[in-house]
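Novice: In the order they appear, the protein sequences are chains A and B. Each residue of the first sequence is one higher than the last, beginning at 1 in the numbering used here. Each residue of the second sequence is one higher than the last, beginning at 1 in the numbering used here.
There are 2 protein chains.
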Amino acid sequence: MAFLPSEVANLANSVCIVVDVLRASSTIVTLFERGCPRVLLAGSVSEGRRLAKEGGLLLAGERNGLPPVGFDLGNSPAELKGLDLATQVVVLTTSNGTAALRKVAGARAVLVGCFTNAEACCRAALELAHRTGADLIVVCAGRRGRFALDDASCAGFLAETIAGMEDGACVLTDAARGACRLWQGYGDAILAFQDSASGQRVLEIGYAEDLALCARTSVSAIVPTLAPGRPFRLVQWNGDQATGDHPGN
Amino acid sequence: MAFLPSEVANLANSVCIVVDVLRASSTIVTLFERGCPRVLLAGSVSEGRRLAKEGGLLLAGERNGLPPVGFDLGNSPAELKGLDLATQVVVLTTSNGTAALRKVAGARAVLVGCFTNAEACCRAALELAHRTGADLIVVCAGRRGRFALDDASCAGFLAETIAGMEDGACVLTDAARGACRLWQGYGDAILAFQDSASGQRVLEIGYAEDLALCARTSVSAIVPTLAPGRPFRLVQWNGDQATGDHPGN
């Protein structure tokens with residue numbers, strides 16, 4: 001468990017689940033749900049614009065919660081409802097989530113986790129960790145370089161899910177035990193969201209529906225993962241990537 | 001609230017309460033309780049040895065919980081019982097606590113906090129923060145650069161105490177709210193200690209009594225603080241330091 005991406009000590013021997021539950025992780029899962037074949041992670045608004053323009057791709061993301069000028073989409077699961085994104089590659093840049101994914105790109109494997117894909121993501125991460133002998137680390141994106149209550153609570157839920165799947169056979173760090181206890185203190189994703197600065201910002205800009213959508217638990221089997229050898233490209237995990245297979249370009 | 005010293009963003013405008021509850025903060029409060037006039041924070045075992053030798057001072061501290069060869073004292077409140085340290089300046093070096101204090105030495109003011117001096121420390125910190133217009137930040141020392149459950153729980157207790165003293169008039173960050181909730185999840189310092197890696201290490205090396213001593217709440221009025229202009233020297237807070245007064249050498 002890392003409450004900030006900078007806390008991950010041994011990337012090369014880690015399977016990371018990156019959590020930016022409000023809203024990048026949840027948006028990414030939704031993009032794949034809508035048929036999007038892959039998501040390119042841009043490091044800045046200008047890089048996003050360039051990548052989208054060069055490739056004729058959809059441009060999505062936010063700064064301070066809202067889509068920058070010229071973006072096709074924001075960073076909102078609610079906004080994606082009913083869209084058909086089959087064949088549409090998406091370029092995404094967000095304030096915290098895409099930055100966190102890029103930061104841990106050197107890990108053995110990187111998965112995107114949130115409440116909506118919790119069970120599938122935890123199962124995939126455990127399989128990868130067992131297969132490679134790597135540590136499993138849930139990495140919170142945080143908010144502006146600081147601890148984020150929404151991410152930490154979701155990370156606690158994921159840690160609890162993982163511990164349950166392992167039947168108590170895994171060793172939890174202080175941070176993982178702390179996150180589990182934090183989650184248990186809320187016991188309800190909406191309550192954790194409402195208590196967090198990120199959740200309050202989402203409400204402030206009028207995206208209340210996103211809180212409800214992001215709070216749903218294990219409703220998706222999609223596990224986005226950084227494509228090996230393509231560190232800033234997310235594809236769907238298919239059970240083979242960790243063996244070195246490179247999914248489609 | 002910072003779960004690690006490296007997370008403090010704006011030192012110059014911060015009043016910091018540094019928490020290494022197991023055991024450096026609690027030991028430091030106890031040293032002053034025994035009459036020690038000041039504590040010099042050494043950055044390493046060798047610097048500690050040098051400072052103690054040069055000044056003819058008592059040398060205290062630990063590595064991996066135990067006093068290094070040639071040290072006069074460890075890092076244990078239990079060990080200090082019955083000692084009279086009046087006129088005895090102590091050089092202290094510990095794995096996490098003294099390092100954290102040195103790391104935030106550039107703050108507007110730095111206080112040492114733990115369960116035993118909680119109320120006095122929070123009151124002093126609030127007074128300093130109000131007087132200087134600085135932010136009040138509880139800084140966890142952490143363990144080996146990682147989140148420590150014992151420190152975070154104690155920090156939550158301190159944040160709750162501060163919020164209570166302010167009658168809800170202070171703005172809590174996500175991290176402060178998270179720490180409060182973590183503390184509320186335990187509700188008992190001993191339970192938090194037992195769940196933490198630091199607490200388990202203290203038990204492992206046979207210092208169970210320290211857990212009981214460090215779990216006592218607000219039994220001391222002593223607030224150790226870094227002496228202004230003398231960043232690696234702890235003295236007792238007397239209510240004047242923040243105005244630029246330099247306490248005795």
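All residues carry an ideal CB built from backbone N, CA and C; glycine is no exception. Note that the structure is predicted; figures quoted are calculated from it, not measured.
Output needed for A/Y186: all residues of its chain with C-beta closer than 6 Å, excluding positions within five of it in sequence on either side, in chain order.
Specialist: Correct list, in chain order: S153, A192.
Novice: Determine the closest residue to B/L11 out of B/A163, B/A134, B/R38, with distance taken between C-alpha atoms.
Specialist: Of the candidates B/A163, B/A134, B/R38, the one whose C-alpha sits nearest the C-alpha of B/L11 is B/A134.
Novice: Between the alpha carbons of A/L73 and A/L59, how many angstroms are there, rounded?
Specialist: Distance between the alpha carbons of A/L73 and A/L59 is about 6 Å.
Novice: In whole angstroms, what is the alpha-carbon distance linking A/S44 and A/R216?
Specialist: C-alpha separation (whole angstroms): 29 Å.
Novice: Considering only the beta carbon of each residue, do B/L40 and B/T225 sit closer than 9 Å?
Specialist: Against a cut-off of 9 Å, the Cβ pair of B/T225 and B/L40 comes out as no contact.
Novice: Return the CA-CA distance between B/R146 and B/Q88, expressed in angstroms with no decimal places.
Specialist: Cα-Cα distance, rounded: 33 Å.
Novice: Are the C-beta atoms of A/T243 and some chain B residue less than 9 Å apart?
Specialist: Low local confidence applies: a pLDDT of 39 at A/T243 is under 50, so the model's placement there is unreliable, and no value is given.
Novice: Give the single residue among B/N13, B/D20, B/G35, B/E166 whose Cα lies nearest to the Cα of B/I222.
Specialist: Ranking the options by Cα distance to B/I222, first place goes to B/G35.
Novice: Could one say the Cβ of B/G97 lies closer than 9 Å to chain A's Cβ atoms, at least one of them?
Specialist: No, B/G97 does not count as interfacial toward chain A.
Novice: From what residue to what residue does the beta strand (DSSP E) around A/D135 run?
Specialist: Element bounds for A/D135: 135 to 140.
Novice: Does A/Q184 get closer than 9 Å to chain B when you measure Cβ to Cβ?
Specialist: Taking Cβ atoms only, chain B reaches closer than 9 Å to A/Q184, which makes this a yes.
Novice: Counting only beta-carbon atoms, is A/A197 nearer than 9 Å to chain B?
Specialist: Yes, A/A197 counts as interfacial toward chain B.
Novice: From the beta carbon of B/A60, is the nearest beta carbon of chain A less than 9 Å away?
Specialist: For B/A60, the answer is no, since every Cβ of chain A falls outside 9 Å of its Cβ.
Novice: Starting from the Cα of A/L211, find the closest Cα among A/V19, A/G199, A/T98, A/D167 and give me that residue.
Specialist: Selected option, being the one with the closest Cα: A/G199.
Novice: Mapping DSSP to helix, strand and coil, what is B/G61?
Specialist: Residue state, collapsed to three classes: strand.
Novice: When we look at the beta-carbon of B/R181 and count the other beta-carbons within 10 Å, is it buried (16 or more) or exposed?
Specialist: By the 10 Å Cβ count, B/R181 comes out buried.
Novice: Tell me whether the segment 19 to 39 of chain B and the segment 153 to 167 of chain A touch, counting them as touching only if at least three CB pairs, one residue from each stretch, are closer than 8 Å.
Specialist: Touching, no, given that fewer than three Cβ pairs across the two stretches are closer than 8 Å.
Novice: Under 7 Å Cβ-Cβ, which residues of chain B neighbour A/G178?
Specialist: Chain B residues near A/G178: F147, L149, A152, L182.
Novice: Flag B/C204 as yes if its beta-carbon sits less than 9 Å from any beta-carbon of chain A, otherwise no.
Specialist: Cys is not the amino acid found at residue 204 of chain B; the sequence shown has Glu there. Output row for B/E204: interface = no.
Novice: Could you name the residues of chain B that A/A272 contacts, counting a contact when the two beta carbons are closer than 9 Å?
Specialist: Lying outside 1 to 249, the shown extent of chain A, residue 272 of chain A is not represented and no answer is given.
Novice: When Cβ atoms are compared, which residues of the segment 5 to 33 of chain A fall closer than 9 Å to chain B?
Specialist: Against chain B - using a Cβ distance shorter than 9 Å - the residues of the segment 5 to 33 of chain A are S6, E7, A9.
Novice: Give a yes or no on whether the minimum CB-CB distance between B/R143 and chain A is below 9 Å.
Specialist: Closer than 9 Å: yes.
Novice: Which full runs of the alpha helix (DSSP H) of 4+ residues lie inside the segment 176 to 217 of chain B, going along the chain?
Specialist: The segment 176 to 217 of chain B contains these whole alpha helix (DSSP H) runs: 189 to 195, 197 to 204, 208 to 214.
Novice: If we count the other Cβ atoms within 10 Å of its Cβ and call it buried at 16 or more, is A/K53 buried or exposed?
Specialist: The residue is exposed, with fewer than 16 neighbouring Cβ atoms inside 10 Å.
Novice: Express the C-alpha separation of B/F157 and B/Q184 in angstroms, rounding to a whole number.
Specialist: Their backbone Cα atoms lie some 8 Å apart in a straight line.
Novice: For B/L85 and B/L234, what's the separation of their Cα atoms in angstroms?
Specialist: Cα to Cα, the separation comes out at about 15 Å.
Novice: With a 10 Å radius around its C-beta and 16 neighbouring C-beta atoms as the bar for buried, classify B/G56 as buried or exposed.
Specialist: Exposed: under 16 other Cβ atoms inside 10 Å.
Novice: Counting along the chain, where does the alpha helix (DSSP H) carrying B/F232 start and finish?
Specialist: Note, B/F232: premise wrong, no alpha helix (DSSP H); beta strand (DSSP E) at 230 to 236.
Novice: Using a threshold of 9 Å, state whether the C-beta atoms of B/A291 and B/L31 are closer than that.
Specialist: Look at the range of chain B in this structure, 1 to 249, and you will see that residue 291 of chain B is not part of it.
Novice: Compare the C-beta of A/G55 with all C-beta atoms of chain D and state if any pair is closer than 9 Å.
Specialist: Protein chains A and B are contained in the structure displayed, whereas chain D is not.
Novice: When the Cα of B/T94 is compared with those of B/Q194, B/A179, B/G178, B/V19, which residue comes out closest?
Specialist: Measuring from the Cα of B/T94, the nearest candidate turns out to be B/V19.
Novice: I need the straight-line Cα distance from A/E119 to B/P231, nearest angstrom please.
Specialist: About 50 Å.
Novice: Once you ignore the five residues that flank B/S14 on each side, which residues in its own chain have a CB closer than 7 Å to its CB?
Specialist: The residues are V8, A107, R108, A134, D135, I137.
Novice: Any idea what DSSP makes of B/A78, helix, strand or coil?
Specialist: Reduced to three states, the DSSP call for B/A78 is helix.
Novice: Taking DSSP as the reference, what is the three-state secondary structure of B/S95?
Specialist: In the structure shown, B/S95 sits in coil (DSSP, three-state: anything other than H, G, I, E or B).
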